[in-house]
Amino acid sequence: MTHVQDVIASLDFLLDGEDSSIDAHTTCEKAILILAAFFHDVIYNPKSSTNEKDSADLFLQFASELSTTISSSSNQQGDSTSDDNDEQPCTQQHIRNCIMVMQIEECIIATATHISSAGIAHETQNHTLATFLDADMSILGKDVEIYDKYAGCIRREYEFVERNVYCDKRADILESFLPILDQDVASTTTATPVKKHSFIYATDKARLQWEEQARRNLKNEIEM
Numbered sequence: 000m001t002h003v004q005d006v007i008a009s010l011d012f013l014l015d016g017e018d019s020s021i022d023a024h025t026t027c028e029k030a031i032l033i034l035a036a037f038f039h040d041v042i043y044n045p046k047s048s049t050n051e052k053d054s055a056d057l058f059l060q061f062a063s064e065l066s067t068t069i070s071s072s073s074n075q076q077g078d079s080t081s082d083d084n085d086e087q088p089c090t091q092q093h094i095r096n097c098i099m100v101m102q103i104e105e106c107i108i109a110t111a112t113h114i115s116s117a118g119i120a121h122e123t124q125n126h127t128l129a130t131f132l133d134a135d136m137s138i139l140g141k142d143v144e145i146y147d148k149y150a151g152c153i154r155r156e157y158e159f160v161e162r163n164v165y166c167d168k169r170a171d172i173l174e175s176f177l178p179i180l181d182q183d184v185a186s187t188t189t190a191t192p193v194k195k196h197s198f199i200y201a202t203d204k205a206r207l208q209w210e211e212q213a214r215r216n217l218k219n220e221i222e223m
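Following this line, the structure appears as structure tokens:
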């Protein structure tokens, strides 16, 4: 639960004040972000490559069961002669037609491709998704002591991986998070994959609060 608590605390920070990317008083937006925070890592297996999809599927199952329960309760309080079909479980496809559910699912799935998703969210002004992804990545921009503790937890989660292999793979992932700099562009050859993002974070508030420290933390861990 610690990560979820951190994400929610970061959401509170990003939503607070006039410089928030979205209206802090919009109940629907808040509900989307909080539910996405609770469900985005509800299924987490370090050996799995489908955690995000599995978590999204579990959320859709929850939403379907909740919708069915609410519908059934409404029918009981209303017309007692309602057709039995009204109480049939909602399908995931039916649930997906709800805009709010679609946005929560989008937030959960987007954590699989954090940096590219954050960039797209910024470019398309998808403020809800941008805010969620920034909150989820806020740990990268925390003080060194907090970040080092986080990095240690990640290593313990992957203790089944040989140290040298882990360090190489971890460095590749962290390097992909770092934005491309002007000198990187000048030295990049056509045979080298080009990064397309200029920032780690998608919202102005997150960039101001965490961007600089996040870059330092990532570089320090890569060099270890």
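Following numbering that gives the first Met the number 0, the numbering of the sequence shown begins with 0 at its first residue and continues without gaps. All C-beta atoms in this analysis are idealised placements derived from N, C-alpha and C, irrespective of residue type, glycine included.
Bounding residues of the alpha helix (DSSP H) (the contiguous stretch that carries residue i)
{"i": "Thr-1", "result": "1 to 14"}
{"i": "Cys-27", "result": "26 to 38"}
{"i": "Arg-206", "result": "Segment: none, Arg-206 is in no alpha helix (DSSP H) and carries neither H nor E."}
{"i": "Leu-173", "result": "162 to 176"}
{"i": "Gln-238", "result": "No information on residue 238 is available, as it lies outside the stretch 0 to 223 that the chain covers here."}
{"i": "Thr-123", "result": "Looking at the DSSP string, Thr-123 is not in any alpha helix (DSSP H), and its letter there is neither H nor E."}
{"i": "Asp-147", "result": "143 to 156"}
Proximity below 9 Å, CB of residue i to CB of residue j
{"i": "Ala-129", "j": "His-121", "result": "yes"}
{"i": "Ile-42", "j": "Ala-134", "result": "no"}
{"i": "Ile-179", "j": "Met-136", "result": "no"}
{"i": "Phe-58", "j": "Leu-34", "result": "yes"}
{"i": "Cys-106", "j": "His-39", "result": "yes"}
{"i": "Glu-210", "j": "Gly-140", "result": "yes"}
{"i": "Val-143", "j": "Arg-215", "result": "yes"}
{"i": "Ile-31", "j": "Ile-103", "result": "yes"}
{"i": "Ala-55", "j": "Ile-108", "result": "yes"}
{"i": "Leu-217", "j": "Glu-161", "result": "no"}
{"i": "Ala-201", "j": "Gly-118", "result": "yes"}
{"i": "Met-99", "j": "Cys-152", "result": "no"}
Proximity to residue i [Cα-Cα], best of the options
{"i": "Ser-116", "options": "Phe-176, Glu-156, Asp-171 and Ser-54", "result": "Phe-176"}
{"i": "Lys-46", "options": "Ala-201, Lys-204, Glu-158 and Glu-174", "result": "Glu-158"}
{"i": "Glu-51", "options": "Ile-221, His-113 and Ile-172", "result": "His-113"}
{"i": "Ala-36", "options": "Leu-14, Cys-27 and Asp-5", "result": "Asp-5"}
{"i": "Arg-155", "options": "Leu-10, Ser-9, Asn-44 and Cys-27", "result": "Asn-44"}
{"i": "Leu-2", "options": "Asn-219, Ile-138 and Gln-60", "result": "It should be pointed out that residue 2 corresponds to His in this sequence rather than to Leu. Cα-wise, what sits closest to His-2 is Ile-138."}
{"i": "Phe-131", "options": "Ser-48, Lys-204, Glu-220 and Gln-212", "result": "Lys-204"}
Contact test: residue i Cβ vs the ligand SAH heavy atom, cutoff 8 Å
{"i": "Val-41", "result": "The ligand SAH is absent from the structure shown, which contains no ligands of any kind."}
Review point. Between the region 162 to 171 and the region 138 to 148, do three or more beta carbon pairs fall short of 8 Å?
Key: The answer is no - the region 138 to 148 does not touch the region 162 to 171, with fewer than three Cβ pairs under 8 Å.
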